[in-house]
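**Student:**
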Amino acid sequence: MLKITLPMIMLLPTALLSPQKFLWTNTTMHSLLIATLSLQWLLPTYYPHKNLTQWTGIDQISAPLLVLSCWLLPLMIMASQNHLQHEPLTRKQVFITTLIAVQPFLILAFSTTELMLFYISFEATLIPTLILITRWGNQPERLSAGIYLLFYTLISSLPLLVTILHLHTQTGTLHLMMLKLIPPVLTNSWTDLLSGLALLTAFMVKAPLYGLHLWLPKAHVEAPIAGSMLLAALLLKLGGYGIMRVTLLMTPLPTHLHYPFLTLALWGALMTSSICLRQTDLKALIAYSSVSHMGLVIAASMIQTHWSFSGAMLLMISHGLTSSMLFCLANTNYERTHSRILILTRGLQPLLPLMATWWLLANLTNMALPPTTNLMAELTIMIALFNWSTLTIILTGAATLLTASYTLFMLLMTQRGTLPTHITLIQNSNTREHLLMALHIIPLLLLILKPELISGAPL
Numbered sequence: 013m014l015k016i017t018l019p020m021i022m023l024l025p026t027a028l029l030s031p032q033k034f035l036w037t038n039t040t041m042h043s044l045l046i047a048t049l050s051l052q053w054l055l056p057t058y059y060p061h062k063n064l065t066q067w068t069g070i071d072q073i074s075a076p077l078l079v080l081s082c083w084l085l086p087l088m089i090m091a092s093q094n095h096l097q098h099e100p101l102t103r104k105q106v107f108i109t110t111l112i113a114v115q116p117f118l119i120l121a122f123s124t125t126e127l128m129l130f131y132i133s134f135e136a137t138l139i140p141t142l143i144l145i146t147r148w149g150n151q152p153e154r155l156s157a158g159i160y161l162l163f164y165t166l167i168s169s170l171p172l173l174v175t176i177l178h179l180h181t182q183t184g185t186l187h188l189m190m191l192k193l194i195p196p197v198l199t200n201s202w203t204d205l206l207s208g209l210a211l212l213t214a215f216m217v218k219a220p221l222y223g224l225h226l227w228l229p230k231a232h233v234e235a236p237i238a239g240s241m242l243l244a245a246l247l248l249k250l251g252g253y254g255i256m257r258v259t260l261l262m263t264p265l266p267t268h269l270h271y272p273f274l275t276l277a278l279w280g281a282l283m284t285s286s287i288c289l290r291q292t293d294l295k296a297l298i299a300y301s302s303v304s305h306m307g308l309v310i311a312a313s314m315i316q317t318h319w320s321f322s323g324a325m326l327l328m329i330s331h332g333l334t335s336s337m338l339f340c341l342a343n344t345n346y347e348r349t350h351s352r353i354l355i356l357t358r359g360l361q362p363l364l365p366l367m368a369t370w371w372l373l374a375n376l377t378n379m380a381l382p383p384t385t386n387l388m389a390e391l392t393i394m395i396a397l398f399n400w401s402t403l404t405i406i407l408t409g410a411a412t413l414l415t416a417s418y419t420l421f422m423l424l425m426t427q428r429g430t431l432p433t434h435i436t437l438i439q440n441s442n443t444r445e446h447l448l449m450a451l452h453i454i455p456l457l458l459l460i461l462k463p464e465l466i467s468g469a470p471l
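Its first residue numbered 13, the sequence shown is counted upward by one per residue in the numbering used here.
If you want it as structure tokens, here you go:
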């Protein structure tokens with residue numbers, strides 16, 4: 013554990029002490045080294061927990077998410093280079109420091125075995141994200157987006173704190189290993205129903221469940237590119253991970269706690285997909301598509317079967333890489349045309365043919381084409397849900413159809429059609445952007461060769 017966490021923390025002085033010439037080189041190289049080093053967590057073992065210390069341990073559910081969070085730091089740094097190039101050195105350093113500061117909290121949140129520490133790191137990731145959005149956002153609306161994010165998260169997570177403390181008084185421990193051994197504390201009384209509700213709601217807002225998702229499109233649209241990647245690829249996964257961890261404690265879930273969440277998640281997948289068809293803003297479209305994908309994850313982790321858990325894990329990892337790549341692509345468009353409106357940025361394929369290839373690949377993975385882990389994940393989740401109740405196939409089927417249609421709509425709007433008359437001069441795509449896209453899509457295409465690395469099933 014420490015051989016990743018300590019270099020991650022030592023990245024802070026690296027960023028602050030590097031001279032201007034070597035700032036980007038040092039931080040990118042160092043974080044890439046940490047990312048490659050973190051791949052060892054994916055190695056299968058016979059033990060349920062690897063690298064077990066007193067407070068942290070890595071098992072099959074947390075290892076893929078940990079590797080994903082280490083992997084995305086160099087990508088976030090690479091993506092932010094262009095829009096920071098005219099800033100003074102101190103601002104660049106503060107930006108990179110803010111990005112790096114999220115990482116130790118994320119690593120702690122995904123690897124901790126103690127609920128209180130999990131709560132602290134879960135909340136601490138909010139602060140750097142808030143700084144990123146409210147300081148480096150593009151429009152003045154970023155302040156309202158920051159307030160939305162802050163209050164949604166705070167209001168939902170205060171009951172979580174109270175419940176964790178209540179659980180501690182009941183059981184005398186908050187260690188996950190111990191809680192698995194103690195017979196289920198949450199029975200069917202009213203207090204336990206309410207505490208189960210409180211435990212789930214905090215993660216449902218983070219994940220986000222349809223109905224509690226209003227902060228997400230706002231935050232995504234206003235955030236800088238690194239903030240968007242961080243939100244889409246990692247912070248949403250905190251919600252899904254939290255649900256998977258907490259539902260295991262509440263076995264068996266009271267059924268009347270199940271149904272509203274499941275219904276909202278599946279209905280939300282349908283609704284947000286149809287909202288996507290009417291979007292004019294590119295970043296908002298990608299943000300809403302995240303809501304619909306995470307709806308499937310929530311639905312799967314609520315029914316608590318092996319199949320649905322591994323489907324949820326697969327979908328979280330593949331969606332993390334896909335949506336992050338889509339945000340990067342949207343950002344390359346935004347940097348060239350200075351507009352997120354789809355009608356004003358259409359017809360870019362003849363101008364940037366290589367970028368069009370990346371657009372095609374990203375959109376095909378987003379709509380779950382066969383040789384991707386997205387398809388495997390969605391199929392696994394659909395089968396698990398269908399096994400649980402046959403009627404869900406209507407909702408999931410309609411959601412997949414709508415997903416395919418809005419993804420194609422996004423591809424055709426950005427790449428095809430006549431070029432708008434106001435675009436007269438556009439700069440070429442450069443090596444940095446191609447490397448960024450390749451580092452997103454290559455892991456995605458390689459993972460289908462050995463999907464059990466990220467499926468969360470014990471090997």
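Backbone N, C-alpha and C fix where the C-beta goes; we use that ideal spot for every residue, glycine too.
1. Could you give the C-beta distance for Leu220 and Gly251, rounded to a whole number, given that I count them as a contact under 8 Å?
2. So what does DSSP say about Asp71, is it helix, strand or coil?
3. Look up Ile466 in the DSSP assignment and say whether it is helix, strand or coil.
4. Compute the Euclidean distance between the alpha carbons of Phe134 and Val174, then round it to the nearest angstrom.
5. To the nearest angstrom, how far is it from the Cα of Ser30 to the Cα of Thr109?
6. Buried or exposed: where does Met190 fall if 16 or more other Cβ atoms within 10 Å of its Cβ makes it buried?
7. Just confirm the distance between the C-beta atoms of Leu226 and Tyr160, as a whole number of angstroms; I'd bet it's less than 8 Å.
8. So Ile237 and Arg348 are supposed to be a Cβ contact under 8 Å. How far apart are they, rounded?
9. According to DSSP, simplified to helix, strand and coil, what is Thr292?
10. In three-state DSSP terms, what is Leu24?
11. Taking buried to mean at least 16 other C-beta atoms within 10 Å of its own C-beta, is Met314 buried or exposed?
12. Please determine, among Trp279, Tyr418 and Gln72, the residue with the shortest C-alpha to C-alpha distance to Arg290.
13. Taking 8 Å as the CB-CB limit, is Ser50 close to chain C?
14. Looking at C-alpha atoms only, which residue of Ile70, Pro25, Lys218 and Gln93 is the closest neighbour of Thr344?
15. Checking the sheet assignment: what are the DSSP bridge partners for Thr124?
16. Using the beta-carbon count (16 or more within 10 Å), is Leu471 buried or exposed?
17. Considering Cα atoms alone, identify which of Phe339, Ile46 and Thr385 is closest to Trp8.
18. If we ignore side chains and look at the alpha-carbon of each, how far apart do Thr408 and Leu278 end up?
19. So, with DSSP's three-state summary, where would you put His187?
20. Pick from Thr402, Leu387 and Ala368: whose alpha carbon is nearest that of Glu445?
21. Under a three-way DSSP split, which group does Glu406 fall into?
22. Can you list, in chain order, the residues of its chain whose CB lies under 6 Å from that of Pro76, leaving out five sequence neighbours each side?
23. In terms of alpha-carbon separation, which member of Met425, Val106, Ala396 and Met394 lies closest to Asn375?
24. So what's Ile353 in DSSP terms, helix, strand or just coil?
25. Would you check if the distance between the CB atom of Gly332 and the CB atom of Val303 is smaller than 8 Å?
26. Taking all protein chains shown into account, decide if Trp83 is buried (16 or more other Cβ within 10 angstroms of its Cβ) or exposed.
27. Starting from the N-terminal side, write out each stretch of the alpha helix (DSSP H) that is 4 residues or longer and does not extend beyond the region 188 to 255.
28. Any idea which residues DSSP pairs Lys33 with across the strands?
29. Have a look at Ala342 and Ala231 and give me their C-alpha separation to the nearest angstrom.
30. Considering only their Cβ atoms, is the gap separating Pro140 from Ala113 smaller than 8 Å?
31. Compare the C-alpha of Ile454 against each of Ile435, Thr377 and Ile393 and name the closest.
32. One question on the structure: do Phe122 and Thr137 come within less than 8 Å of each other, judged by their Cβ atoms?
33. Any contact of the region 97 to 105 with the region 19 to 35, i.e. 3+ C-beta pairs under 8 Å?
34. Thinking Leu246 and Ser81 are a contact (beta carbons under 8 Å), I'd like their distance in whole angstroms, please.
35. Cα separation between Ile70 and Gly359?
36. At what residues does the alpha helix (DSSP H) containing Ile454 begin and finish?
**Tutor:** Inspection of the coordinates gives the following:
1. Contrary to the premise, residue 220 reads as Pro rather than Leu in this sequence. Rounded, the Cβ-Cβ distance is 7 Å, consistent with contact.
2. coil
3. coil
4. 15 Å
5. 12 Å
6. exposed
7. 7 Å
8. So it is not a contact: roughly 13 Å between Cβ atoms.
9. coil
10. helix
11. buried
12. Tyr418
13. No chain C is present in this structure, which holds just one protein chain.
14. Gln93
15. Thr68
16. Any reading at Leu471 needs caution, since the residue's pLDDT is 47, under 50, leaving its predicted position unreliable; the model's value is listed next. Leu471 is exposed by the Cβ-count criterion.
17. What the structure shows of the chain is the stretch from 13 to 471, and residue 8 is not part of that stretch, so it cannot be assessed.
18. 7 Å
19. strand
20. Ala368
21. In the sequence as displayed, the identity of residue 406 is Ile instead of Glu. Helix at Ile406.
22. Ile329 and Ile466
23. Met425
24. strand
25. no
26. buried
27. 188 to 193, 202 to 218, 227 to 234 and 237 to 242
28. For Lys33, which the question treats as bridged, DSSP gives no partner whatsoever.
29. 15 Å
30. yes
31. Thr377
32. no
33. yes
34. 5 Å
35. 46 Å
36. Thr443 to Leu459
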